[in-house]
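Q: One structure follows; several queries about it will come next.
2 protein chains.
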Amino acid sequence: MIESLHSPHVARVKALIGSKGARERREQGLFVAEGVQCAREALTSESGPQLKILYATENGLSKISELDLDSVEIVEVTDAVLKAMSDTVSPQGLISLCYKPEAKFADLKATGSSTFIYLHEIQDPGNAGTILRTADAMGISAVITSPDSVDMYSPKVVRATAGSLWNISVFEGVTFDRVDKQFTGIQKFLLSSHAYTSILDISIPGDCIAIFGNEARGVDASALGVSVTEVTIPMAGRAESLNLSAAASIVMFTLSSKVAG
Amino acid sequence: MIESLHSPHVARVKALIGSKGARERREQGLFVAEGVQCAREALTSESGPQLKILYATENGLSKISELDLDSVEIVEVTDAVLKAMSDTVSPQGLISLCYKPEAKFADLKATGSSTFIYLHEIQDPGNAGTILRTADAMGISAVITSPDSVDMYSPKVVRATAGSLWNISVFEGVTFDRVDKQFTGIQKFLLSSHAYTSILDISIPGDCIAIFGNEARGVDASALGVSVTEVTIPMAGRAESLNLSAAASIVMFTLSSKVAG
């Protein structure tokens, strides 16, 4: 049982979620996932990030008592220690220290009916996490981010994914040029408020990738360096634009319905 | 030009966005909207919340110099005063003090092809604001909230609406029983992860209302006290659920497409 706030465990976890966390996570190949849902996914999923250490209070452990914990390193901590390790006001007594997945983008394959998502320089962690969660729900094959996008293993993103990090592959910092070279001939849709083609009117005979740009400035088709089909969400009302994760959710649902139908 | 942080203007704005802001907003009938987008909507929209005072720095005013400001009470403030009045780290130099709209729910009419949204005890301000923004984009007629839902004029909600408060009617604290009595025979859809009917398979011959429950516990159909059609979003993937605003956005888009089509 760790009782001291000066334990090196506390320092390590705090470094991984602190203001310089992005660098720490990159250098150590680790990230932190809080709460019951992530702990449960980390303990039961066959894929996704591997668990290194589960930090748990007595109360936290009681919430996952139905799970087999024999093969896991569990470090019991006091409430005060867990709170010091936490990014949230009310941690749930469980903090999972996990290895960032090492899957290589070069190994990602398209099946002939794969749908990928590409996020170009998106910044908001809530948006990124919500998009990953919807992508998981809609059976998207992988989420790929551009250089200069939000760190998908930052605490706020991890929280917003609600455990979906264990269900869907994520590849970070991949240029679109590289995506295009790897998936030659794949259909490329760029969501744009200026486009004339409705997402309801496109057809998808094979693999496709949907591209979403930065929250404030979107992404210019020419900046991607390859030819893409610009599509828009038909809007009957007055708002000029949608929240990015709302827009992406609508697009993913529509693509998913088309593939299923 | 207000330079003192002890000005009563500062105290009033801070009270409206502070921890007891909900009560202040209710008692004073006022709320605060930050930023360029809200100021622009407040100054140009024919409907929506009326502007009482626009607090602005010199830099803030330069961002809306194209607008007619003759009939508006503008109070110039220093950067420090504006910052003290602000809920955000980087305010944009403009804070709009607005009257909460006094529209009565009893006066809300259905047109025969109206779509309404009902939010039952939802709590997250980001969700509420995003839902309002999508509702505006999708031509929803009004957003109605139950008792014990998040205050739609709290700073975080207002920010997440991105100006849509000026485009769409909001009615707060209305029981569903009252909605049902006012709109007799209206089609009622409740989003539920347990339902068997896909939102893709419903048809909407007339007015309808889509109901969304609390983020964590949803809403039990029986709790509404009236008979509703439970519907679900078909999901091809593995996530058990969607973020509420993502789910609501998908539903509103689908309903909007059906009405348009």
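From first to last, the protein sequence lines are chains V and X.
Counting with the working numbering, you get residues 1 to 261 for the letters of the first sequence.
Counting with the working numbering, you get residues 1 to 261 for the letters of the second sequence.
Backbone N, C-alpha and C fix where the C-beta goes; we use that ideal spot for every residue, glycine too.
Can you give the Cα-Cα distance for V:GLN92 and V:ALA39, rounded to whole angstroms?
A: Looking up residue 92 of chain V in the first sequence gives position 92. Looking up residue 39 of chain V in the first sequence gives position 39. So the alpha carbons of these two residues sit roughly 10 angstroms apart.
Q: X:LYS104: which of X:ILE122, X:ILE211, X:ILE144, X:VAL158 sits nearest, CA to CA?
A: Residue 104 of chain X sits at position 104 when you count from the first residue of the second sequence. Of the candidates X:ILE122, X:ILE211, X:ILE144, X:VAL158, the one whose C-alpha sits nearest the C-alpha of X:LYS104 is X:ILE144.
Q: Looking at V:PHE212 and the ligand HEM, is the gap between the Cβ and the nearest heavy atom below 6 angstroms?
A: The ligand HEM is absent from the structure shown, which contains no ligand whatsoever.
Q: Of the residues that make up the stretch 229–245 of chain X, which ones have a beta carbon closer than 9 angstroms to any beta carbon in chain V?
A: Against chain V - using a Cβ distance shorter than 9 angstroms - the residues of the stretch 229–245 of chain X are ILE233, PRO234, MET235, ALA236, GLY237, ARG238, ALA239, GLU240, SER241, LEU242, ASN243, SER245.
Q: Using a Cβ-Cβ cutoff of 8 angstroms, what residues of the stretch 203–223 of chain X are near chain A? List them in chain order.
A: As a matter of chain content, chain A is missing from the structure shown, whose protein chains are V and X.
Q: Classify X:VAL219: buried if its beta carbon has 16 or more other beta carbons within 10 angstroms, exposed otherwise.
A: As a first step, residue 219 of chain X must be located in the second sequence, where it is residue number 219. Looking at its Cβ environment, which holds 16 or more other Cβ atoms inside 10 Å, X:VAL219 is buried.
Q: Are at least three pairs of beta-carbons, each pair with one atom in the stretch 57–71 of chain X and one in the stretch 15–33 of chain X, less than 8 angstroms apart?
A: They do not touch, by the three-pair rule.
Q: What are the complete beta strand (DSSP E) segments, minimum 3 residues, inside the stretch 47–118 of chain X?
A: Correct list: 51–56, 74–76, 94–99.
Q: Are the CB atoms of V:VAL75 and V:TYR99 within a distance shorter than 7 angstroms?
A: For the purposes of this step, residue 99 of chain V is taken as residue 99 along the first sequence, with counting starting at 1. For the purposes of this step, residue 75 of chain V is taken as residue 75 along the first sequence, with counting starting at 1. Not a contact, by the Cβ cut-off of 7 angstroms.
Q: Apart from the five residues on each side of it in sequence, which residues of its chain come closer than 8 angstroms, Cβ to Cβ, to X:MET1?
A: Position 1 of the second sequence holds residue 1 of chain X. So the list reads GLU76, VAL77, THR78, once near-sequence residues are dropped.
Q: By alpha-carbon positions, which one of V:VAL259, V:LEU61, V:VAL251, V:ALA137 ends up nearest to V:LEU190?
A: Here residue 190 of chain V is taken as the residue at index 190 of the first sequence, counted from 1. Nearest C-alpha to V:LEU190: V:VAL251.
Q: Just to confirm, are V:ASP207 and V:ALA142 a CB contact at a threshold of 7 angstroms?
A: Translated into positions along the first sequence, residue 207 of chain V becomes position 207. Translated into positions along the first sequence, residue 142 of chain V becomes position 142. No. Outside cutoff.
Q: Could you tell me the distance, in whole angstroms, from the CA atom of V:ILE122 to the CA atom of V:ALA223?
A: Counted from its first residue, the first sequence places residue 122 of chain V at position 122. Counted from its first residue, the first sequence places residue 223 of chain V at position 223. Using only the alpha carbons, I get a separation of about 15 angstroms.
Q: Determine the direct distance from the alpha carbon of V:ALA22 to that of V:GLN28, and round the result to whole angstroms.
A: The count along the first sequence starts at 1 and reaches residue 28 of chain V at position 28. The count along the first sequence starts at 1 and reaches residue 22 of chain V at position 22. Whole-angstrom Cα-Cα distance: 10 angstroms.
Q: Using the rule of at least 16 other Cβ atoms within 10 Å of the residue's Cβ for burial, across every protein chain shown, is X:VAL226 buried or exposed?
A: Taking the second sequence and counting its residues from 1, one reaches residue 226 of chain X at position 226. It is exposed - the Cβ of X:VAL226 has fewer than 16 other Cβ atoms within 10 Å.
Q: Looking at the structure shown, is V:VAL170 part of a helix, part of a strand, or coil, going by DSSP?
A: Numbered from 1 along the first sequence, position 170 holds the residue referred to as residue 170 of chain V. Note: V:VAL170 maps to strand in three-state DSSP.
Q: Any idea what DSSP makes of X:GLN28, helix, strand or coil?
A: Numbered from its first residue, the second sequence carries residue 28 of chain X at position 28. Three-state result, X:GLN28: helix.
Q: Reducing DSSP to helix, strand and coil, say where V:ALA221 ends up.
A: Along the first sequence, one-based indexing puts residue 221 of chain V at 221. Helix at V:ALA221.
Q: Specify the secondary structure class of V:ILE250 as computed by DSSP and reduced to three states.
A: On the first sequence, position 250 is the one that residue 250 of chain V refers to. Reduced to three states, the DSSP call for V:ILE250 is helix.
Q: Can you list, in chain order, the residues of its chain with a C-beta nearer than 8 angstroms to that of X:SER149? Leave out the 5 residues immediately preceding and following it.
A: Counting from 1 along the second sequence, the entry for residue 149 of chain X is found at position 149. Taken in chain order, the residues that qualify are LEU119, HIS120, GLU121, ILE122, GLN123, ALA128, GLU172, GLY173.
Q: Could you tell me whether the Cβ of X:GLY139 comes closer than 7 angstroms to any Cβ of chain V?
A: Sequence index remark: in the second sequence, residue 139 of chain X carries index 139 (1-based). Chain V contact via Cβ: present.
Q: For V:ASP136 and chain X, any beta-carbon pair shorter than 7 angstroms?
A: As a working mapping, residue 136 of chain V is identified with position 136 in the first sequence. Cβ-Cβ to chain X under 7 angstroms: yes for V:ASP136.
Q: Put V:ILE140 into one of helix, strand or coil per three-state DSSP.
A: Indexing the first sequence from 1 puts residue 140 of chain V at position 140. Three-state result, V:ILE140: coil.
Q: Would you check if the distance between the CB atom of V:THR115 and the CB atom of V:LEU255 is smaller than 7 angstroms?
A: For the purposes of this step, residue 115 of chain V is taken as residue 115 along the first sequence, with counting starting at 1. For the purposes of this step, residue 255 of chain V is taken as residue 255 along the first sequence, with counting starting at 1. Yes, the Cβ-Cβ distance between V:THR115 and V:LEU255 is below 7 angstroms.
Q: Answer with yes or no whether the minimum CB distance from V:SER146 to chain X is below 7 angstroms.
A: The residue you call residue 146 of chain V lines up with position 146 of the first sequence. Not closer than 7 angstroms to any Cβ of chain X, the Cβ of V:SER146 fails to qualify, so no.
Q: Give the single residue among V:ALA236, V:ALA216, V:PHE183 whose Cα lies nearest to the Cα of V:SER198.
A: What you label residue 198 of chain V is simply residue 198 of the first sequence in a count that begins at 1. The residue with the shortest Cα to Cα distance from V:SER198 is V:ALA236.
Q: Which residues of chain X have a Cβ atom closer than 9 angstroms to the Cβ of V:ASN167, listed in chain order?
A: One-based indexing of the first sequence puts residue 167 of chain V at position 167. Residues of chain X passing the Cβ test: GLY237, ARG238, ALA239.
Q: What are the complete beta strand (DSSP E) segments, minimum 3 residues, inside the stretch 150–215 of chain X?
A: Segments of the beta strand (DSSP E) lying fully in the stretch 150–215 of chain X: 169–171, 187–191, 208–212.
Q: Under the assumption that V:ALA137 contacts X:ALA239 (Cβ atoms under 8 angstroms), give the Cβ distance between them as a whole number of angstroms.
A: Your numbering for residue 137 of chain V matches position 137 in the first sequence. Your numbering for residue 239 of chain X matches position 239 in the second sequence. Confirmed, about 4 angstroms.
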